[in-house]
Amino acid sequence: MKTTTQEIDNALSPHGGELIDRIVTDREKATELVNNCVGVLRIRGQAAREIINIAYGFFTPLKGFMNRKDLESVCKNMTLADGLVWSLPIVLDLPESAVEQTGAKPGDYVLLEYHNIPFAVMKVDDIYTFDINYMVSCIYKKENVDHPGIKQMHSLDNYFMGGDIWLINLPVFQEPYRRFFYTPAELRDKFKRRRWNRVLAYHSNTVPHMGHEWLMKACWFQHKANAILVSCTVGSKRIGECIDENVLLAHQELLESGYFKENVYMTSMFLWDTRYAGPREAVLHAIVRKNMGCTGHIFGKNYARPEEYGNAWESHFAFRHLPDLGVESVMSKEWYYCEHCGGITYSSFCNHKGGQEPFQSKNVCSLLGAGVRPPDHLLRKEVFDTVIGASDEYGFKDGYVTDEYLQRRNPIFILERF
Ligand SMILES: [Zn+2]
603 MKTTTQEIDN ALSPHGGELI DRIVTDREKA TELVNNCVGV LRIRGQAARE
653 IINIAYGFFT PLKGFMNRKD LESVCKNMTL ADGLVWSLPI VLDLPESAVE
703 QTGAKPGDYV LLEYHNIPFA VMKVDDIYTF DINYMVSCIY KKENVDHPGI
753 KQMHSLDNYF MGGDIWLINL PVFQEPYRRF FYTPAELRDK FKRRRWNRVL
803 AYHSNTVPHM GHEWLMKACW FQHKANAILV SCTVGSKRIG ECIDENVLLA
853 HQELLESGYF KENVYMTSMF LWDTRYAGPR EAVLHAIVRK NMGCTGHIFG
903 KNYARPEEYG NAWESHFAFR HLPDLGVESV MSKEWYYCEH CGGITYSSFC
953 NHKGGQEPFQ SKNVCSLLGA GVRPPDHLLR KEVFDTVIGA SDEYGFKDGY
1003 VTDEYLQRRN PIFILERF
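Below, the structure is given as structure tokens:
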């Protein structure tokens, strides 16, 4: 991996220095942008979620979808064309017919519609094709047609449109997401008011079992943090994963039932369609959480499926080869229950032979799936109750993603008529 020419300061500043804001709230200005457009493109869910991330500054310093120069550099060097570290493609892919239909050329403005409602405007900088096999080989190192991230990458359309965007129609978040969606600017403001100078990000896409709880607690000490920001990924899901609503509400339950105090813990969400890209994904997550105002990021074992890269701790080690990103990678080994220790312990301490019960999200999941309450040393009772309630309300009686959930889940956000 190449080191970058551009060093990043280690202060609380966003990646690249300044938080990006591409929100247009002035209706007159928004209408003017729309009137300049030469055509309309209909975008899908992932692109819509990524537009929100760009516009609110989660993806700072990106101001839009990548042009060829940036995409090439991300694949080859893990940096943007200007040398700033960036690890994953953020692209708008389109079928050739859609590109032809707009008739757009570089320099033109196009309207991006979501569910047939005006959502954003893009100033087209570049329209290009890209070798997907090359992209896969750079990001995932090897080909594996069964890998969900690689599969997703191979399903991209053949044309890409790069250029800066403006969000002209703000998303209206629905329940229960509404109370967990904070923009990076809002989070930074909250941290400041609470005097949280050191905030540790904890990424989650599962219901927290006791191992997760201890992981957060130990890393809080390790990072000398003021607080933990739980940042749950919300977006497209695969069958068998925890439903988004459960992940958010279960983390919030740890606060509400008193396992964490309000002055050290906060639950939030980040719109993200997982790429399962191991170290590449870890670096992107660290950058996004830095943009949110965090000073550290927890990376446990097997973070973002690093098995393609050969080492269960690869996501943590990814940072060794990079310039200082201003966000500490906090590594924690394994937490488990040991009957000899008589409680939860850590792999660096317990030397017993046998009697250990590792926490596996899968085991907890299958118990929850069957409606069986796992033992107290695996899952908090209050978390179990919350999950059962939320599964009834949002998951069609299932806590885990089913076909029905994929087809009929409540929208994360809606758009009002423009
Ligand atoms: Zn033990």
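Take any residue in the sequence shown, note its place counting from 1, add 602, and you have its number in this note's numbering. Note that CB positions come from ideal geometry on N, CA and C, so glycine has one too.
What does DSSP give as the partner residues of residue i in its beta bridges?
i, result
"tryptophan 915", "BP columns for tryptophan 915 are empty, so no partner."
"isoleucine 625", "Leu769"
"phenylalanine 1015", "Phe775"
"aspartate 728", "Gly764"
"tryptophan 937", "Tyr948"
"valine 723", "Leu713 and Trp768"
"glutamine 958", "Cys940"
"valine 932", "Ile900"
"tyrosine 1002", "Cys844"
Measure how close the beta-carbons of residue i and residue j come, nearest whole angstrom, since I'm counting them as under 8 Å.
i, j, result
"arginine 624", "isoleucine 656", "6 Å"
"histidine 756", "isoleucine 734", "6 Å"
"aspartate 695", "aspartate 759", "4 Å"
"lysine 892", "glycine 928", "6 Å"
"glycine 1001", "isoleucine 845", "6 Å"
"arginine 781", "tyrosine 861", "Between tyrosine 861 and arginine 781 the Cβ distance is about 19 Å, and since that is not below 8 Å, they are no contact."
"phenylalanine 775", "serine 833", "That belief does not hold up - the Cβ atoms of phenylalanine 775 and serine 833 are roughly 16 Å apart, past 8 Å."
"valine 989", "alanine 820", "Contact flag wrong, Cβ pair sits at about 24 Å."
"lysine 794", "tyrosine 784", "Actually they do not touch by this definition, with Cβ atoms about 13 Å apart."
"valine 866", "tryptophan 822", "7 Å"
In chain order, what residues of the same chain lie with their CB nearer than 6 Å to the CB of residue i, ignoring the 5 residues before and after it?
i, result
"valine 890", "Phe660"
"serine 859", "Glu984"
"glutamate 847", "Pro778, Ala992 and Tyr996"
"serine 689", "Met680, Arg882, Val885 and Leu886"
"glutamine 854", "Thr869"
"threonine 1004", "none"
"alanine 827", "Arg800 and Leu802"
"valine 974", "none"
"glycine 837", "Arg651, Leu873, Trp874 and Asp875"
"methionine 818", "Tyr804 and Ile830"
"histidine 942", "His954 and Gly957"
Suppose the cutoff is 8 Å on Cβ atoms and the five residues either side in sequence are ignored; what does the same chain contact list for residue i look like?
i, result
"glutamate 620", "Thr662 and Pro663"
"threonine 605", "Confidence is the limiting factor: at threonine 605 the pLDDT is only 42, short of 50, which leaves the residue's position unreliable, though a coordinate-based value still follows. Answer for threonine 605: His923, Leu924 and Pro925, listed in chain order."
"valine 712", "Cys639, Val640, Gly641, Val642, Leu643, Thr704, Ala706, Val723, Met724, Val726 and Met763"
"serine 950", "Lys935"
"lysine 999", "Ser993"
"proline 697", "Asp759, Asn760 and Tyr761"
"glutamine 824", "Val932 and Ser934"
"lysine 715", "It is worth fixing the name first, because residue 715 is glutamate in this sequence and not lysine. Cβ within range, chain order: Val642, Leu643, Arg644, Ile645 and Phe721."
"phenylalanine 986", "Leu970, Arg975 and Pro976"
"threonine 731", "Asn760, Tyr761 and Phe762"
"proline 786", "Pro616, Leu621, Tyr658, Gly659, Phe660, Thr662, Asn893, Met894 and Gly895"
"lysine 903", "Ala914, Trp915, Lys935 and Glu936"
By Cβ distance below 7 Å, which residues in the same chain neighbour residue i in space, the five residues on each side in sequence not counted?
i, result
"glycine 813", "Trp937, Tyr938 and Phe961"
"lysine 678", "Cys740"
"valine 693", "Phe667, Met668, Leu673 and Phe762"
"serine 917", "Gly880, Pro881, Ala884, Phe901, Tyr905, Ala906 and Pro908"
"serine 931", "Ala888, His899, Phe901, His918 and Phe921"
"isoleucine 719", "Asn771, Leu1017, Arg1019 and Phe1020"
"tyrosine 736", "Cys677"
"tryptophan 768", "Arg624, Val626, Leu635, Ala722 and Val723"
"valine 849", "Ser806, Asn807, Thr808, Val809 and Cys834"
"cysteine 896", "Val801, Leu802, Ala803, Leu831 and Val929"
Comparing the CB of residue i with every heavy atom of ligand 3, is any distance shorter than 6 Å?
i, result
"lysine 744", "Looking for ligand 3 in the displayed structure turns up nothing; the ligands present are ligand 1."
*asked:* Which residues end up in the neighbourhood of ligand 1 when you take C-beta atoms closer than 5 Å to any of its heavy atoms?
replied: The answer, residue by residue, is Cys940, His942, Cys943, Cys952 and His954.
_4-residue-minimum alpha helix (DSSP H) runs that sit fully inside the segment 631-717, ordered along the chain_ = 647-657, 670-679 and 698-704, all fully within the segment 631-717.
*Please list the segments of the alpha helix (DSSP H) lying wholly inside the segment 785-817, counting only runs of 4 or more residues, in order along the chain.*
Those alpha helix (DSSP H) runs which fall completely within the segment 785-817 and span 4+ residues are 786-795.
*Where in the segment 829-883 do unbroken runs of the beta strand (DSSP E), each at least 3 residues long, occur, reported from the N-terminal end onward?*
For secondary structure counted as the beta strand (DSSP E) over 3 or more consecutive residues, the segment 829-883 holds these complete runs in sequence order: 829-836 and 867-873.
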